[in-house]
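*Asks:* Chains as they are written, first to last, in the numbering used here: chain A, 13 to 257; chain B, 13 to 257.
We treat Cβ as the ideally placed atom computed from N, Cα and C, and that holds for glycine.
Small disclaimer: the values here were computed from a predicted structure and weren't measured.
Sharing a structure here in C-alpha cells format.
Protein chains: 2
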Amino acid sequence: MLTKEQLDDHWEKIYLNHISIDCVVFGFHEGQLKVLMLKSNNEEAWYLPGGFVLKEEPIEEAANRILKERTGIDEVFLRQFHVFGDPDRSKFHNEIYKDNSFFNQRFISIGYYALVDFVDVTPMPDAFSELCTWRDLDDLPAFQLDHEHIFRTALDTLRLQLNYQPIGYSLMPQQFTMPELQKLYETILDKKLDRRNFQRRILGFGILNKLEETRKGGAHKAPYLYSFNLENYRAALKEGLQGGW
Amino acid sequence: MLTKEQLDDHWEKIYLNHISIDCVVFGFHEGQLKVLMLKSNNEEAWYLPGGFVLKEEPIEEAANRILKERTGIDEVFLRQFHVFGDPDRSKFHNEIYKDNSFFNQRFISIGYYALVDFVDVTPMPDAFSELCTWRDLDDLPAFQLDHEHIFRTALDTLRLQLNYQPIGYSLMPQQFTMPELQKLYETILDKKLDRRNFQRRILGFGILNKLEETRKGGAHKAPYLYSFNLENYRAALKEGLQGGW
DNA sequence: CGGAAAGGTGTAAATAGTACACAATTGTAG
DNA sequence: CTACAATTGTGTACTATTTACACCTTTCCG
C-alpha cells in the first residue's frame, strides 16, 4: 500500500494533467437497455467508468484501456461523442480528493460511448468504487458531477446514430431473432415500431443473414434466427445507411 | 516586447497544459467554399486558426474567443466535431518552439468547425503568422501537423450534417436567391443537384421566406430573393430535418 | 385438442423522390 | 430594335419508399 503522497505522485507522473475520459457503456439484456455504472461506499451518487490518459498514450487507446479495465473486453464499438469542458464540471466534493493535487485540478473530459454484448462483460470496480454494475435505463440512480449530462448526451448521440448507421452487431449476441432486434431498436428509441415494417426495412439494409434454425423453447411459434453479415455490416457502418442529398 | 523566458512563463501561467483548440472556419463567397487559414513567413505550410484554453474558461468560450480573435465575429455557428489526441500529432518542427516548454508539450486538440458569413469576417493573423486569409477548397495549400486531417474531418462532418440540419443561415447573407443557396449545397457536397427538386425540397422544410423583390443586375432573368425564417430555422436545427425511425 | 400468444408474411394507399421540358425574363451582340 | 444566349420559374408523370393494416401458422399449456 502506498502513502497518500506517493499516490499523489503516482497520478501526476503517469497521467496527463487536465484530461479525463468518461465512458458510457451500453448493453442490452432481457429486453432492457443498460448502462454500466460505479459506486463507492462513501457516496450515494453513481458515476460512469472513467480514467485518465497516459503521457504518451493515444486517447483512443486510453478509452479502450479504461473500458477493458471495467469490463474485461476489448475491440468493441467505441466512439468519441463529445467533450465536456466547463471549468466547474469536475469539482470533486468527496473529502478523499480534497487535498490531492491531481484530483483537485480542472478536468476536461472526453466522452466515449461503447456498445457491447452484455454477456461478454465482467463488471469490475475501479480503485475508488466498491460497486460496478449494470443499471437499467428506466431505473437510473443519482449521478455524480455532470455524469447525468454526459450520459444523456451519449444516449442522444446513439439515437441519432440509428438513423445512419447499423448498431445491432455490437449489442446483440451472435444469433438473435427479429423480434429481439426490434426490441433493441424500440428500447433505444423508446417507442413502438411496426413489426412488419421494421423487418422489411432492416432486411433491406442487407446486413442480416437469415439462418435455417429457429429458436425453440418459447411458449409460441419459433422465430427464425439471424446473424449479421459482417462484410455488409462494415460497409454500412462506413457508407452510412441511406438518406440525404 | 517580452523576453523569451517571460513569454514562456506567460503561456504556462494563463493556459491549461496539454489542451488546444483548432477551428475550421467555413465561408462561402462567389460560389466557392472557403476555409480560413494562417501562414507564418518561416514555414511553407499553412495551419488552422487555433489557440489554448484559459485556466478557468469553458471550452466553448475558448473556441468563441479564438474565432473572434481571427475573424472579428462572434455568436456564429460553432460546433465541436472531434478530438485529436495522438501523442505525436503536435510535435512542432519549427525551430522557434524547440525550447519553449509550453509549446513542446503534448497537445490534445479539440476540433471546432464554424460556419460564417464571408463578408462579416476580417481575417486577422495571430502572434505566429503573417498571413491570415481565406483559401478556396479546391486550391488548398500544404497543411502543418495534422491540420489536413482535422480539416478533412470537419468537412466530412459538415457533409453529414446537411442530412439532418439546415445550414444555410450561417453561411449565406441575409438575402439570397435560390440558385445561390443551391450552389452552396452543391459546393459542400461537390455534386450537381436538380434545380427543381432542390427548390421543392428546401421549400418543404419551411425555413425560407420568399421575398417580393428580385435580384436585378444579372445578365438574365431576375431571381427572387429569399431570407431564412429564423423561428422555423431554429426549430429545424433542434428537431432535425427528417428521416430515421 | 382448443385456446392464447407470438411469429411469418403481403398488399393497398399515401407519401416522397426522381426525371424531365417549356415558357418567361434579361442583357448583349448584331 | 431584335434575335439570341443564358438563366430562372414552374408542373407533371413515373418510381420508389413508407405507412397502415389482417390473416394464417406455430407452439405450449391446460
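#1: Spatial neighbours of B:Tyr181 within its chain, please: CB distance less than 6 Å, with the 5 preceding and 5 following residues excluded, ordered by chain position.
#2: Is A:Lys46 buried or exposed, if buried means 16 or more other CB atoms sit within 10 Å of its CB?
#3: Any beta-carbon of chain A closer than 9 Å to the one on B:Asn211?
#4: Give me the subset of the stretch 107 to 139 of chain B whose CB atoms are less than 8 Å from a CB atom of chain A, sorted by chain position.
#5: Looking only at DSSP bridge pairs, what is B:Ile122 linked to?
#6: For the beta strand (DSSP E) containing A:Met49, name the first residue and the last one.
#7: If I measure Cβ to Cβ from B:Gln186 and keep anything under 8 Å in the same chain, skipping five residues before and after, which residues do I get?
#8: According to DSSP, B:Gly84 sits in a beta bridge with which residue or residues?
#9: Name the residue from A:Asn76, A:Gly252, A:Glu192, A:Asp151 whose alpha carbon lies nearest to the alpha carbon of A:Leu172.
#10: Assign A:Val131 to one of three DSSP states: helix, strand, or coil.
#11: With a threshold of 9 Å between beta-carbons, can B:Ala248 be considered close to chain A, or not?
#12: Which residue marks the beginning of the beta strand (DSSP E) containing B:Ser239, and which one marks its end?
#13: So the beta strand (DSSP E) A:Asn221 belongs to, where does it begin and stop?
#14: Check this for me: beta carbons of A:Thr165 and A:His94, under 9 Å apart or not?
#15: Using the rule of at least 16 other Cβ atoms within 10 Å of the residue's Cβ for burial, across every protein chain shown, is A:Ala139 buried or exposed?
#16: Quick one, are the C-beta atoms of B:Gly43 and B:Val128 less than 9 Å apart?
#17: Please list, in chain order, the chain B residues whose beta carbon lies closer than 9 Å to that of A:Asn241.
#18: Assuming A:Trp23 contacts A:Pro153 under a Cβ cut-off of 8 Å, what Cβ separation, rounded to an integer in Å, is found between them?
#19: Below 8 Å on C-beta distance, what does A:Gln156 contact in chain B?
#20: Measuring straight from C-alpha to C-alpha, what distance separates B:Ala248 and B:Gln177?
#21: What separation, rounded to the nearest whole angstrom, lies between the Cα atoms of B:Ile214 and B:Glu198?
#22: Taking CB distances under 9 Å as the criterion, tell me whether B:Glu192 reaches chain A.
#23: To which residues of the same chain is A:Gly218 closer than 6 Å at the C-beta, ignoring the five residues directly before and after it?
#24: What are the start and end residues of each continuous beta strand (DSSP E) run of 3 or more residues lying completely inside the stretch 154 to 229 of chain A, in chain order?
#25: Could you list which residues in chain B have their beta carbon closer than 8 Å to that of A:Leu174, in chain order?
#26: At a CB distance below 9 Å, what residues from the stretch 84 to 96 of chain A approach chain B? Give them in sequence order.
#27: Per DSSP, which residues does A:Leu249 bridge with? Please list them.
#28: Please list, in chain order, all residues of the same chain as B:Val131 whose beta carbon is under 8 Å from its beta carbon, the five residues on each side excluded.
#29: Run through chain B and tell me which residues come within less than 7 Å of A:Asn29, C-beta to C-beta.
#30: Spell out a yes or no on whether the stretch 25 to 37 of chain B and the stretch 73 to 82 of chain B are touching, meaning 3 or more CB-CB pairs, one atom from each, closer than 8 Å.
#31: Can you find a CB in chain A that lies within less than 9 Å of the CB of B:Ile219?
#32: What residues are listed by DSSP as bridge partners for A:Leu143?
#33: Does A:Gly252 have its Cβ less than 9 Å from a Cβ in chain B?
#34: Is it right to say B:Leu220 is buried, meaning 16 or more other beta carbons lie within 10 angstroms of its own, or is it exposed?
#35: Can you tell me whether DSSP reads A:His41 as helix, strand or coil?
*Replies:* Let's see:
#1: In the second sequence, residue 181 of chain B corresponds to position 169, counting from 1. Same-chain partners within the cutoff: Phe240, Tyr245.
#2: The residue you call residue 46 of chain A lines up with position 34 of the first sequence. With 16 or more other Cβ atoms within 10 Å, it is buried.
#3: Taking the second sequence and counting its residues from 1, one reaches residue 211 of chain B at position 199. Asn is not the amino acid found at residue 211 of chain B; the sequence shown has Gln there. Put simply, the CB of B:Gln211 is far from chain A, with every gap to its CB atoms at 9 Å or more.
#4: Arg118, Ile120, Ile122
#5: For the purposes of this step, residue 122 of chain B is taken as residue 110 along the second sequence, with counting starting at 1. According to DSSP, which records beta bridges pairwise, B:Ile122 is partnered with B:Ile33, B:Val95.
#6: As a position in the first sequence, residue 49 of chain A is number 37, starting the count at 1. Residues 44 to 51.
#7: As a position in the second sequence, residue 186 of chain B is number 174, starting the count at 1. The answer, listed in chain order, is Ser239.
#8: Indexing the second sequence from 1 puts residue 84 of chain B at position 72. None, per the DSSP bridge assignment.
#9: The residue given as residue 172 of chain A occupies position 160 in the first sequence. Ranking A:Asn76, A:Gly252, A:Glu192, A:Asp151 by Cα distance to A:Leu172 puts A:Gly252 first.
#10: As a first step, residue 131 of chain A must be located in the first sequence, where it is residue number 119. Per DSSP, reduced to three states, the secondary structure at A:Val131 is helical.
#11: If you number the second sequence from 1, residue 248 of chain B lands on position 236. No, B:Ala248 lies away from the interface with chain A (no Cβ there is under 9 Å from its Cβ).
#12: Counted from its first residue, the second sequence places residue 239 of chain B at position 227. Annotation: the continuous beta strand (DSSP E) that includes B:Ser239 extends over 236 to 240.
#13: Counting from one through the first sequence, the residue named residue 221 of chain A turns up at place 209. Residue range 220 to 226 is occupied by the beta strand (DSSP E) that includes A:Asn221.
#14: Mapped onto the first sequence, residue 165 of chain A falls at position 153. Mapped onto the first sequence, residue 94 of chain A falls at position 82. One thing to note: A:Thr165 has its Cβ within 9 Å of the Cβ of A:His94.
#15: As a working mapping, residue 139 of chain A is identified with position 127 in the first sequence. By the 10 Å Cβ count, A:Ala139 comes out exposed.
#16: To locate residue 43 of chain B, count along the second sequence from 1; it is residue 31. To locate residue 128 of chain B, count along the second sequence from 1; it is residue 116. No, they are not a contact pair.
#17: Translated into positions along the first sequence, residue 241 of chain A becomes position 229. Under the 9 Å cutoff, chain B gives no residues; its nearest Cβ is about 21 Å from A:Asn241.
#18: Position 11 of the first sequence, counting from 1, holds the residue named residue 23 of chain A. Position 141 of the first sequence, counting from 1, holds the residue named residue 153 of chain A. Cβ atoms of A:Trp23 and A:Pro153 stay farther apart than 8 Å, at about 27 Å.
#19: Residue mapping note: residue 156 of chain A aligns to position 144 of the first sequence, counting from 1. Within 8 Å Cβ-Cβ: nothing; A:Gln156 doesn't reach chain B, min ~20 Å.
#20: Taking the second sequence and counting its residues from 1, one reaches residue 248 of chain B at position 236. Taking the second sequence and counting its residues from 1, one reaches residue 177 of chain B at position 165. Rounded to the nearest angstrom, the two C-alpha atoms are 7 Å apart.
#21: Within the second sequence, the letter at position 202 stands for residue 214 of chain B. Within the second sequence, the letter at position 186 stands for residue 198 of chain B. It is roughly 13 Å from the alpha-carbon of B:Ile214 to the alpha-carbon of B:Glu198.
#22: Here the question's residue 192 of chain B lines up with position 180 in the second sequence. When Cβ-Cβ separations below 9 Å define contact, B:Glu192 makes no contact with chain A.
#23: Within the first sequence, numbered from 1, the residue matching residue 218 of chain A stands at position 206. Excluding sequence neighbours, A:Gly218 sits near Asn244.
#24: 220 to 226
#25: Here residue 174 of chain A is taken as the residue at index 162 of the first sequence, counted from 1. In chain order: Gly256, Trp257.
#26: Gln92, His94, Val95, Phe96
#27: Taking the first sequence and counting its residues from 1, one reaches residue 249 of chain A at position 237. Answer is none; A:Leu249 lacks a bridge partner.
#28: Position 119 of the second sequence, counted from the first residue, corresponds to residue 131 of chain B. Within the same chain, B:Val131 has close Cβ partners His41, Pro185.
#29: For the purposes of this step, residue 29 of chain A is taken as the residue at position 17 of the first sequence. The answer, in chain order, is Asn29, His30.
#30: Three or more pairs of CB atoms, one per stretch, sit closer than 8 Å, so the stretch 25 to 37 of chain B contacts the stretch 73 to 82 of chain B.
#31: Within the second sequence, residue 219 of chain B is the residue found at index 207, counting from 1. The C-beta of B:Ile219 comes no closer than 9 Å to any C-beta of chain A.
#32: Here the question's residue 143 of chain A lines up with position 131 in the first sequence. BP columns for A:Leu143 point to A:Lys51.
#33: Taking the first residue of the first sequence as position 1, residue 252 of chain A is located at position 240. Yes, its Cβ sits closer than 9 Å to a Cβ of chain B.
#34: Here residue 220 of chain B refers to the residue found at position 208 when the second sequence is read from its first residue. So B:Leu220 ends up on the buried side.
#35: The residue you call residue 41 of chain A lines up with position 29 of the first sequence. The answer is strand: DSSP assigns A:His41 an E or B state.
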